[in-house]
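**Student:** Start counting the sequence shown at -9; every next residue gets the next number (this note's numbering).
Cβ atoms here follow ideal geometry from the backbone N, Cα and C, with glycine treated the same way.
First the structure, then my questions, so here it is.
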Amino acid sequence: MNEILFIVEQEQDGGFIAEAKVNDNEQIITEGDNIEELKSMIREALECHFENSEDMPKTVRLHFIKDEVFVI
-9 MNEILFIVEQ EQDGGFIAEA KVNDNEQIIT EGDNIEELKS MIREALECHF
41 ENSEDMPKTV RLHFIKDEVF VI
C-alpha cells in the first residue's frame, strides 16, 4: 500500500476525528485536539496497525469534511 486516505471531521469542541478504510474488514480511527496532534496520532495508529514497516503506507492523505450551518 503506497497511500492511505483519512477522512477528517472537526468536532463541535474543536477537536478532530480521522478515519481510514484499510480494506473491507478493517479501518483505522483516531482523534486529536488539533491538526498537529491528529497527525501524530495517525502516525501512531499506523505503526500499531502495520506491524511490518514495509507494509505501512508511504503517503497519508487527509481529506477534510466541513459542515457549515447558517440560519436564514
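Taking the continuous alpha helix (DSSP H) assigned at Glu65, which residues delimit it?
**Tutor:** Here the chain comprises residues numbered -9 to 62, so residue 65 is not present and cannot be evaluated.
**Student:** Is the separation between the beta-carbon of Ile19 and that of Glu26 shorter than 9 Å?
**Tutor:** Not closer than 9 Å, so no.
**Student:** Identify which residue in Glu(-1), Gly5, Glu(-7) and Phe54 has its Cα closest to the Cα of Asn13.
**Tutor:** For Asn13, the nearest C-alpha among the options comes from Glu(-7).
**Student:** Less than 6 Å between C-beta atoms, sequence neighbours within five positions excluded: which residues of the same chain meet that for His39?
**Tutor:** Here the set comprises Ile18.
**Student:** May I have the straight-line CA-CA distance separating Thr49 from Lys56, to the nearest angstrom?
**Tutor:** Near 22 Å, if we compare the C-alpha coordinates of Lys56 and Thr49.
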